[in-house]
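Peer 1: My questions will all concern the structure given below.
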Amino acid sequence: TDSPCSPAMAGLQIEVEEPDLSMELMGQLRVHLSALEADYMKEVRKEGSEAPACAASHCEKYSDLAAAEIACMLQSFNPEISEEDLARDVHSIIHTQSVVGHLHPPMLTALRECVPLDRRAWFANDIHRHLLRQRRRRPFRKVLQIFRQQSEDRKVQVTVLSAFGGAAVGSTGGGALGLIAGGSFGAACGLLPAMLTFGISIPLGAAVGGTCGLITGAAAGGTAGLVSGGLVGHGYAHRLLARSVSEASKFSGHCSIANWAWTRRSRGDGTGGTH
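So the sequence shown is numbered by the working numbering: it starts at 169 and just counts up by one.
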């Protein structure tokens, strides 16, 4: 009988057949997957990983181990199984409920993301090669995740914008100053051989000196502007954050005083006393 795929992938209209496994093998797979899930929960509790990023990292690690464990157990029960049959059986086990239906929802979701429902999304037709290539890509995904998290930080945004603004202003000013200074120095150097070159050395020296001064001035001014703008932006963002925290604390204190005064007044009105 065919059973529908996971609800998260139901839009693909892909149905997966139940794996043709013995009751003994299915029971051992459930036991091993439950043990891996218990190890995951112990690791989370031990490290106190309450943040979503840490929980996602542990889920990803668990899903990789669980998929590899399923493949190894299938091969141990049938050493002559082909790579295509092994990939098909692992795919069927993960995307049906008979073996993995008892797993915790985050674990089951991570496992099904590790071995996608659509075989076209696999990195290889071989399940072991797919898992290996996925492990190799994991550091890049973590770097991208950290970059996305940092890009959402307001302090980082203010610092980066200030740094780029300072670099733009510094490179423009430094380039203009270098162009004038370099052109003047080049023209002055061209005056010496002007009698021999019939005056051509003057504009030529100004052009060479101006180009060198423009490049040097833009590079120096841009570097100085980048550093100074980043420092100013970081300081401003830190000061703005401290001010926001201070105002929030003051507002919370005023609310607490107001609540205390209202409670005292209410008690006084209720008992007939005066305060």
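Where is the CB? At the ideal position from N, CA and C, for every residue including glycine.
From D257 to K210, what does the alpha carbon distance come to, in whole angstroms?
Peer 2: Their backbone Cα atoms lie some 29 Å apart in a straight line.
Peer 1: Per DSSP, what kind of secondary structure is E228 in: helix, strand or coil?
Peer 2: The answer is helix: DSSP assigns E228 an H, G or I state.
Peer 1: Thinking C-beta only, is T391 closer than 9 Å to G346?
Peer 2: No, the Cβ-Cβ distance between G346 and T391 is not below 9 Å.
Peer 1: Applying the 10 Å Cβ sphere with the 16-neighbour rule, what's the burial state of T365?
Peer 2: T365 comes out exposed.
Peer 1: How long is the line joining the alpha carbons of A336 and I348, rounded to whole angstroms?
Peer 2: Their backbone Cα atoms lie some 19 Å apart in a straight line.
Peer 1: Is V184 near H298, with beta carbons less than 9 Å apart?
Peer 2: For V184 and H298, no; Cβs fall outside 9 Å.
Peer 1: Alpha carbon to alpha carbon, what distance is there between S190 and A239?
Peer 2: Taking the straight line from one Cα to the other gives about 15 Å.
Peer 1: Is the separation between the beta-carbon of G350 and that of G378 shorter than 9 Å?
Peer 2: Yes; because the gap between Cβ atoms is below 9 Å, this pair is in contact.
Peer 1: Between the C-alpha atoms of L394 and A344, what's the straight-line distance to the nearest angstrom?
Peer 2: Looking at the two C-alpha atoms, the distance is approximately 17 Å.
Peer 1: Report the three-state DSSP secondary structure of V258 (helix, strand or coil).
Peer 2: Of the three classes helix, strand and coil, the one that applies to V258 here is helix, per DSSP.
Peer 1: Quick one: residues in its chain with C-beta nearer than 7 Å to the C-beta of G333, no 5 flanking neighbours on either side, listed in chain order?
Peer 2: Same-chain partners within the cutoff: G397.
Peer 1: Three Cβ pairs or more, each shorter than 8 Å: is that satisfied between the region 227 to 243 and the region 260 to 276?
Peer 2: Yes, the region 227 to 243 is in contact with the region 260 to 276.
Peer 1: Which parts of the region 244 to 307 are runs of the alpha helix (DSSP H), unbroken and 4 residues or longer, counting only runs that do not cross its ends?
Peer 2: The region 244 to 307 contains these whole alpha helix (DSSP H) runs: 251 to 262, 265 to 268 and 273 to 282.
Peer 1: Can you list, in chain order, the residues of its chain whose CB lies under 8 Å from that of Q302, leaving out five sequence neighbours each side?
Peer 2: Closer than 8 Å at Cβ, skipping near neighbours: D232, C282 and F291.
Peer 1: Considering only the beta carbon of each residue, do A236 and L279 sit closer than 9 Å?
Peer 2: No; because the gap between Cβ atoms is not below 9 Å, this pair is not in contact.
Peer 1: Nearest to L197 by alpha carbon, out of S330, A331 and F245?
Peer 2: That would be F245, whose Cα lies nearest to the Cα of L197.
Peer 1: For V328 and G354, which I take to be in contact (beta-carbon distance under 8 Å), what is that distance rounded to the nearest angstrom?
Peer 2: Not a contact, Cβ separation roughly 37 Å.
Peer 1: Determine the DSSP secondary structure at F366, reduced to helix, strand or coil.
Peer 2: Reduced to three states, the DSSP call for F366 is coil.
Peer 1: If we ignore side chains and look at the alpha-carbon of each, how far apart do A362 and A386 end up?
Peer 2: If you take the alpha carbons of A362 and A386, they lie about 30 Å apart.
Peer 1: With DSSP collapsed to three states, give me the class of D207.
Peer 2: In this structure, D207 counts as helix in the three-state DSSP scheme.
Peer 1: Is it right to say P187 is buried, meaning 16 or more other beta carbons lie within 10 angstroms of its own, or is it exposed?
Peer 2: Answer is buried; the Cβ neighbour count reaches 16.
Peer 1: Taking the CB atoms as reference points, tell me whether S266 and M194 lie closer together than 9 Å.
Peer 2: Yes. Within cutoff.
Peer 1: Looking at the structure shown, is D188 part of a helix, part of a strand, or coil, going by DSSP?
Peer 2: If DSSP states are grouped into helix, strand and coil, D188 belongs with coil.
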